[in-house]
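Peer 1:
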Amino acid sequence: MITLPAPTFREWNGPLTEDLVREPARFGLGQLPRRLQPNGTAKSICGFCSTGCGLKLHLKDGVAINATPDPDYPVNLGTACPKGWEALTPLDAADRATTPLLHGQPVDWQTAMNVFCEKMKGVLDQHGPGSAAFISTGQIMCEEMAFLGSLTKFGMGLIHGDGNTRQCMATAVTAYKESFGFDAPPFTYADFEESDVMVFIGANPCIAHPIMWQRVLRNKRQPQIIVVDPRTTETAMAATQHYAILPKSDLTILYGIAHLLIRDGAVDAKFVSESTTGFEEFSTFVQAYTPESVAAETGLTVTQLQCFADTIRAGTPRVSFWWTMGVNQSHQATRTAQAIINLALMTGNIGKPGTGANSITGQCNAMGSRLFSNTTNLIGGHDFKNPAHRAKIAEAMGFPVERIPDQPSLAYDQILESIESGKIKALWIIATNPSHSWINQKRFNDLLSKLDFLVVQDMYGTTETARQAHLFLPAAAWGEKDGTFINSERRIGLSRQVRRAPGQALSDFRIFRLIAHAWGLGDLFSEWTSPEAVFQILKRCTQDQPCEISGIQDFAMIEKSGGIQWPLIAADASAPAVATERRLFADGRFFTPDQRARFVYDPAVPPPELPDADYPLILITGRGTSAQWHTETRTAKSEVLRKLAPAELFLDIHPEDARQLNIRDMAVVTVESRRASLTMKARISPGVSQGQVFLPMHDPRVNQLTHWAVDPYSRQPNYKHCAVRVAPNAN
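Going by my numbering, 706 is the number at position 704 of the sequence shown; the sequence numbering is gapless.
(1) Less than 8 Å between C-beta atoms, sequence neighbours within five positions excluded: which residues of the same chain meet that for I259?
(2) Looking at the secondary structure, which residues open and close the alpha helix (DSSP H) in which V329 lies?
(3) Return the chain-ordered list of same chain residues with a C-beta closer than 8 Å to the C-beta of M113, the five sequence neighbours on each side being excluded.
(4) Using the rule of at least 16 other Cβ atoms within 10 Å of the residue's Cβ for burial, across every protein chain shown, is N41 buried or exposed?
(5) Can you tell me whether M143 is helix, strand or coil according to DSSP?
(6) Is I213 helix, strand or coil by DSSP?
(7) What does V199 pair with, by DSSP beta-bridge criteria?
(8) Would you tell me roughly how many angstroms separate the C-alpha atoms of L643 and T100, rounded to the nearest one?
(9) Label M3 either buried or exposed according to how many other C-beta atoms from any shown protein chain fall within 10 Å of its C-beta, with 16 as the threshold for buried.
(10) Consult DSSP for A558 and reduce its assignment to one of helix, strand or coil.
(11) Whether or not the region 216-226 and the region 286-295 are in contact is what I'm after, with contact meaning three or more pairs of Cβ atoms, one per stretch, closer than 8 Å; do they touch?
(12) Quick check on DSSP: helix, strand or coil for Y721?
(13) How big is the Cα-Cα spacing for D110 and H60?
(14) Is A359 closer than 8 Å to F323 when the C-beta atoms are compared?
(15) Apart from the five residues on each side of it in sequence, which residues of its chain come closer than 7 Å, Cβ to Cβ, to R584?
(16) Would you list the one or two residues that DSSP bridges to H632?
(17) Could you name the residues of the same chain whose beta carbon sits closer than 6 Å to that of D385, not counting the 5 residues immediately before and after it, in chain order?
(18) Identify which residue in V728, T305, P719, E283 has its Cα closest to the Cα of R168.
(19) What do you get for T464, buried or exposed, if any count of 16 or more other CB atoms within 10 angstroms of its CB means buried?
(20) Does DSSP put C51 in a helix, in a strand, or in coil?
(21) Who does F696 pair with in a DSSP beta bridge?
(22) Quick one: what does DSSP say H129 is sitting in, helix, strand or coil?
(23) Say whether the region 712-731 touches the region 325-338, bearing in mind that this needs 3 or more beta-carbon pairs closer than 8 Å, one atom from each stretch.
(24) Alpha carbon to alpha carbon, how far is A44 from M461? Give it in angstroms, no decimals.
(25) Keeping to the same chain, check which residues put their C-beta closer than 6 Å to that of E196; ignore five residues upstream and five downstream.
(26) Using the rule of at least 16 other Cβ atoms within 10 Å of the residue's Cβ for burial, across every protein chain shown, is L6 buried or exposed?
(27) Considering only heavy atoms of the ligand SAM, does any lie closer than 7 Å to the CB of R661?
(28) Is the separation between the beta-carbon of P92 and that of G80 shorter than 8 Å?
(29) Mind checking whether G565 and R493 have CB atoms under 8 Å apart?
(30) Is H211 buried or exposed, if buried means 16 or more other CB atoms sit within 10 Å of its CB?
(31) Can you confirm whether the region 473-480 touches the region 528-542 when touching is taken to mean that 3 or more C-beta pairs between the two stretches lie within less than 8 Å?
(32) Helix, strand or coil, according to DSSP, for Q567 in the structure here?
(33) Would you report the Cα separation of T672 and I665, rounded to the nearest angstrom?
(34) Taking Cβ positions, are P188 and L663 nearer each other than 8 Å?
(35) At what residues does the beta strand (DSSP E) containing G165 begin and finish?
(36) Buried or exposed: which applies to N15, given that a residue is buried once 16 or more other Cβ atoms fall within 10 Å of its Cβ?
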């Protein structure tokens, strides 16, 4: 009898877990090759989405060779999505940028810095401080964001800069500010496990935030799960109630539910009286949103509306409301988010376990961008227009106050329109790929060609945006630098350097230091020597703000505590132990001048581009798979993640629409909007309603179709609704 040797690790197709490494024989495997045997570990925060999962990085001689979920981290509790398991793989991609490029040709850093300063100074000297701008990201660390925003605005003299978080979270920021007085998500992830009713509006956490969905599945209270979404998403399939509303009728249904709650006396009158303002006016406003009219506009029945209202009425023990891009990316996004907040306020579901009006963030550090990017808000959640705020930040940073601009930046779309009009001549894009991700791609890329100087700073020089740069700067990635991220529940987590960046690539922090020196600003930024040094500056900037973090001593405290939710002031930090989970507004007091939350509202209006005889279908877009991330700039580098996601683009179409258009399942079709025409395969699916089609946002072609429209308050793009027509491909 011949005994076959155990399979080698080279033949193993599963994840390299901690148990697998420690006891390979238990899995029927031979010994791990010596070169891969880890001899140390480090802890870090995943650099993909806003969940902020903890990872244990397995080190070989100080270099990370694999990652497993951290069983002790309070966010993910030992679980990880496919992206987390593959977090290290994109670092090894063959197309990693290793040297600066000038017009596509390699140059050294000295040359790159000379060109950067000469071109940028030339534009600013000739056209003024409003003639150059930057577009930042939610992917770099808080300390890097603060350095970029301070370098450009306090050092170089720019006025305008925004982040790609404008594409995902600007709505939540604006809504929270107006309703609560500060950009303050009130919840903690424990609320997923402590709710009796969870309402998901325009959110598909099963796919978009799978570890959050795992927290939902841990809920032992047998909760009702309500999903409001035009599509029968994976989350909707698990719901106890799914309301498949007509696209962009979410504001109408929310006002209609408020109408029913008021009519039925299902309001927490005590909380409303003691902790809010504007309710009487709001009550009068929603009288027009009768069940009959709301049913007609949303495509639901009066019975469904009543069931929804009865499920969340005041007196139900714990109701939490959750939203994400289906709400935020809309022509009336801010008012829709505030309509959700209004429901939480009128039912008293704020500040208690299992409650809240809770925005789920998109990117790993979108929350950090909201506080520290120094774009439309002065750093630390301050106001550029407030002289006292400018003086405070100047003192905290040790800068002359006259260097602090007295006006906020233009928003992302306004920056682009200023390029189109010729007012902005130079643009610096950091760690984002808007040639893929911005609405109406053709118009965006036409705008880039108008620039005198385009700088792109990224870990890959092969992105659609990087290929158009006059000057490209190679940046280190997650895992190749230190710094902090802030996740959706306000938890500040520490990400560690466990690899060296390839070639001449540098961390974004070091690139900003080089530019400060080359520009002649070395003395001004002399204290900005490391990410941890900048963290100490940020602590000073947050003092007396709702987001104050003066009680966080240093990076070591963050790591030891398993992340720390803001706020944490010095007085609270002296307690024996900082609570792992902390909610806002437990006392019913908010951050407005009178400490009362505001009811904010406007009438619902139709989307800007409606279907008609020429373009009779509504295109909606969204996350297509948990194995891919946004523009696939990093996740597409992983063979494992590519296998877990569709290899080609599919259009989901309702069976009746397919029948009427003579389209078979998997047939090649042409999808056309007023802006572009694409060819792909059709996938017949009852998951989309009749009259609607769905495309995943990851494919680089999809945003050729989308319509350039933004919410008037948050300036966030409306990705989720445009008119298209579909036909079988003639070829």
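Even for Gly, the Cβ is constructed at its ideal location relative to N, Cα and C.
Peer 2: The structure says:
(1) Your numbering for residue 259 matches position 257 in the sequence shown. Contacts found: L307, F310, A311, I314, L345.
(2) For the purposes of this step, residue 329 is taken as the residue at position 327 of the sequence shown. Note, V329: alpha helix (DSSP H), 327-330.
(3) In the sequence shown, counting from the first residue as 1, residue 113 sits at position 111. According to the sequence displayed, residue 113 carries Thr and not Met. Closer than 8 Å at the Cβ level, and outside the excluded window around T113, lie P102, L104.
(4) For the purposes of this step, residue 41 is identified with residue 39 of the sequence shown, where counting begins at 1. When all chains shown are included, N41 counts as exposed.
(5) For the purposes of this step, residue 143 is taken as residue 141 along the sequence shown, with counting starting at 1. Three-state result, M143: coil.
(6) Here residue 213 refers to the residue found at position 211 when the sequence shown is read from its first residue. It is helical.
(7) The sequence position of residue 199 within the sequence shown is 197, counting from 1. BP columns for V199 point to Q226, V321.
(8) Along the sequence shown, one-based indexing puts residue 643 at 641. Along the sequence shown, one-based indexing puts residue 100 at 98. In a straight line, the C-alpha of L643 is about 24 Å away from that of T100.
(9) Numbered from its first residue, the sequence shown carries residue 3 at position 1. Only weak support is given to the placement of M3: the predicted model assigns it a pLDDT of 35, under 50, and the question is left unresolved by the model.
(10) Taking the first residue of the sequence shown as position 1, residue 558 is located at position 556. Here A558 sits in helix by DSSP.
(11) Judged by Cβ distances under 8 Å, the region 286-295 makes no contact with the region 216-226, as fewer than three pairs qualify.
(12) For this step, residue 721 is matched to residue 719 along the sequence shown. Collapsing the DSSP output to three states places Y721 in coil.
(13) Numbered from 1 along the sequence shown, position 108 holds the residue referred to as residue 110. Numbered from 1 along the sequence shown, position 58 holds the residue referred to as residue 60. Cα-Cα distance, rounded: 34 Å.
(14) Taking the first residue of the sequence shown as position 1, residue 323 is located at position 321. Taking the first residue of the sequence shown as position 1, residue 359 is located at position 357. Taking 8 Å as the Cβ cut-off, F323 and A359 qualify as a contacting pair.
(15) Here residue 584 refers to the residue found at position 582 when the sequence shown is read from its first residue. Excluding residues within five positions, the ones whose Cβ falls inside 7 Å are T190, Q567.
(16) Looking up residue 632 in the sequence shown gives position 630. DSSP lists no partner for H632.
(17) Numbered from 1 along the sequence shown, position 383 holds the residue referred to as residue 385. Answer for D385: H391, listed in chain order.
(18) Numbered from its first residue, the sequence shown carries residue 168 at position 166. Considering only alpha carbons, the answer is P719.
(19) Numbered from its first residue, the sequence shown carries residue 464 at position 462. Burial call: exposed.
(20) By 1-based counting over the sequence shown, the position of residue 51 is 49. C51 falls in the strand class under three-state DSSP.
(21) Position 694 of the sequence shown holds residue 696. The partner list for F696 (beta bridge, DSSP) reads I622, D654.
(22) The count along the sequence shown starts at 1 and reaches residue 129 at position 127. It is helical.
(23) Counting Cβ pairs under 8 Å, three or more are found: they touch.
(24) As a first step, residue 461 is located in the sequence shown; it is residue number 459 there, counting from the start. As a first step, residue 44 is located in the sequence shown; it is residue number 42 there, counting from the start. Rounded to whole angstroms, M461 to A44 spans 23 Å at the Cα level.
(25) Here residue 196 refers to the residue found at position 194 when the sequence shown is read from its first residue. Cβ neighbours of E196 beyond the five flanking positions: P355, G356.
(26) Taking the sequence shown and counting its residues from 1, one reaches residue 6 at position 4. Note that L6 scores a pLDDT of 36, beneath 50, so its modelled location is shaky; the value from the coordinates is reported in the next line. Exposed is the call here.
(27) Annotation note on the ligand SAM: not contained in the displayed structure, which lists no ligands.
(28) Residue 92 sits at position 90 when you count from the first residue of the sequence shown. Residue 80 sits at position 78 when you count from the first residue of the sequence shown. It is not a contact, given that the beta carbons lie outside the stated cut-off.
(29) By 1-based counting over the sequence shown, the position of residue 565 is 563. By 1-based counting over the sequence shown, the position of residue 493 is 491. Yes. Within cutoff.
(30) Within the sequence shown, numbered from 1, the residue matching residue 211 stands at position 209. That one is buried.
(31) Fewer than three pairs of CB atoms, one per stretch, sit closer than 8 Å, so the region 528-542 makes no contact with the region 473-480.
(32) Residue mapping note: residue 567 aligns to position 565 of the sequence shown, counting from 1. Secondary structure at Q567: strand, using DSSP grouped into helix, strand and coil.
(33) Against the sequence shown, residue 672 aligns to sequence position 670. Against the sequence shown, residue 665 aligns to sequence position 663. C-alpha of T672 to C-alpha of I665: approximately 11 Å in a straight line.
(34) Taking the sequence shown and counting its residues from 1, one reaches residue 188 at position 186. Taking the sequence shown and counting its residues from 1, one reaches residue 663 at position 661. No; because the gap between Cβ atoms is not below 8 Å, this pair is not in contact.
(35) Counting from one through the sequence shown, the residue named residue 165 turns up at place 163. Unbroken beta strand (DSSP E) run through G165: 162-165.
(36) The residue labelled residue 15 in the question sits at position 13 within the sequence shown. Because the pLDDT of N15 is 49, which lies under 50, any placement of that residue in the model is unreliable, and the question is left without a value.
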